[in-house]
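Novice: Pasting in a structure now, in structure tokens, and then I'll have a few things to ask.
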Amino acid sequence: MEGDQIFVTQHWDIKYNHAAGETGSTFFKAIMDKKVILGKKCPKCKRILLPPRSFCERCFVETSEWVNVGKEGKIEAFTIVYEKFEGLPNPPYAIAYVLLDGASTAIANFVKGIDLKDINQALNHIKVGAKARVAFKRKREGRITDFWYEII
Ligand SMILES: [Zn+2]
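Take the sequence shown: its position 24, counting from 1, is numbered 23 in numbering that gives the first Met the number 0, and each next residue is one higher.
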């Protein structure tokens, strides 16, 4: 059966604008205007959700309280990418989920400041449990790419 498969090459190049919503807009404005990372607290389970969500996916209740989380945390998971993906930077680059101090859930972003050419060398620095800190772009635009992580 495998030999009968037909493979079709296609190209997706989709650009679209969408509203970030009330929660997303507050989150991005805080990053852009104040260099602050905000999570939202669930009134029931008390978790600080980051990225902030308008409701808690465990308790199914609305969140309303904004909490300023720390700018340092620990890597929970990461990947180092060596293949080109459309719409993403030229490889190599690293992306990590970091549990920022005070947050209950990790948020993903790029990790910069590490030489990634040699994966074995890179893995000496970027690892699960490694401490990382948030660094902000000088000219921020209200995007997730306004910040990235650096290994401490
Ligand atoms: Zn909850």
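Don't be surprised by glycine CBs; every beta carbon is placed ideally from N, CA and C. All values derive from a computational prediction rather than experimental measurement.
(1) Can you pull every residue whose C-beta falls closer than 5 Å to some heavy atom of ligand 1, listed in chain order?
(2) Report the three-state DSSP secondary structure of residue 104 (helix, strand or coil).
(3) Can you tell me which of the three DSSP states residue 82 falls into?
(4) Going by DSSP, name the residue or residues bridged to residue 98.
(5) Would you kindly report the start and end of the unbroken alpha helix (DSSP H) that includes residue 27?
(6) To which residues of the same chain is residue 104 closer than 6 Å at the C-beta, ignoring the five residues directly before and after it?
(7) Please report the residue range of the alpha helix (DSSP H) in which residue 121 lies.
(8) Take every Cβ of the stretch 108 to 121, pair it with every Cβ of the stretch 56 to 69, and state whether three or more of those distances are shorter than 8 Å.
Specialist: Per the coordinate set shown:
(1) Going by the Cβ distance cut-off, the answer is 41, 43, 44, 55, 57, 58.
(2) Residue state for residue 104 is assigned as coil, using DSSP reduced to three classes.
(3) Three-state DSSP puts residue 82 in coil, outside helix and strand.
(4) Residue 98 is bridged to 73.
(5) Segment 20 to 28, the alpha helix (DSSP H) holding residue 27.
(6) Within the same chain, residue 104 has close Cβ partners 48, 49.
(7) First-last of the alpha helix (DSSP H) with residue 121: 118 to 121.
(8) Judged by Cβ distances under 8 Å, the stretch 108 to 121 makes no contact with the stretch 56 to 69, as fewer than three pairs qualify.
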